[in-house]
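In the numbering used here, the protein residues as written are 61 to 108.
Okay, so here's the structure we're looking at.
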Amino acid sequence: MARFPEAEARLFHVKICMDCNARNAMRAKRCRKCNSDNLRLKSTHRGK
Numbered sequence: 061m062a063r064f065p066e067a068e069a070r071l072f073h074v075k076i077c078m079d080c081n082a083r084n085a086m087r088a089k090r091c092r093k094c095n096s097d098n099l100r101l102k103s104t105h106r107g108k
C-alpha cells in the first residue's frame with residue numbers, strides 16, 4: 061500500500077485491461093485502447 065491516501069488514490073483508483081494492460085478510468089466500461097470489455101480493478105496487494 062502507498063504511504064499517503066492521496067498517493068494511494070492516484071495509483072490504485074484505476075481499472076486495468078486484461079487484454080492490452082492499459083490503464084482506464086474507474087467508470088470505464090470498455091478499454092480506451094483496444095475497446096475490450098475485459099477490465100479488472102488494479103491490484104493493491106504488494107509484497108510477500
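Note that CB positions come from ideal geometry on N, CA and C, so glycine has one too.
Beta-bridge partners of residue i, as assigned by DSSP
i, result
"K75", "N84, L101"
Pairwise C-alpha distance: residue j and residue i
i, j, result
"L99", "R70", "18 Å"
"D97", "S103", "18 Å"
"K101", "H73", "Looking at the sequence itself, residue 101 is Leu, so the reference to Lys does not match. Approximately 8 Å between the Cα atoms of the pair."
"C94", "E66", "29 Å"
"F64", "D79", "30 Å"
"N84", "I76", "6 Å"
"A110", "A82", "No answer is possible for residue 110: it lies beyond the span of the chain, which begins at 61 and ends at 108."
Coil, strand or helix - residue i by DSSP
i, result
"R63", "coil"
"R90", "coil"
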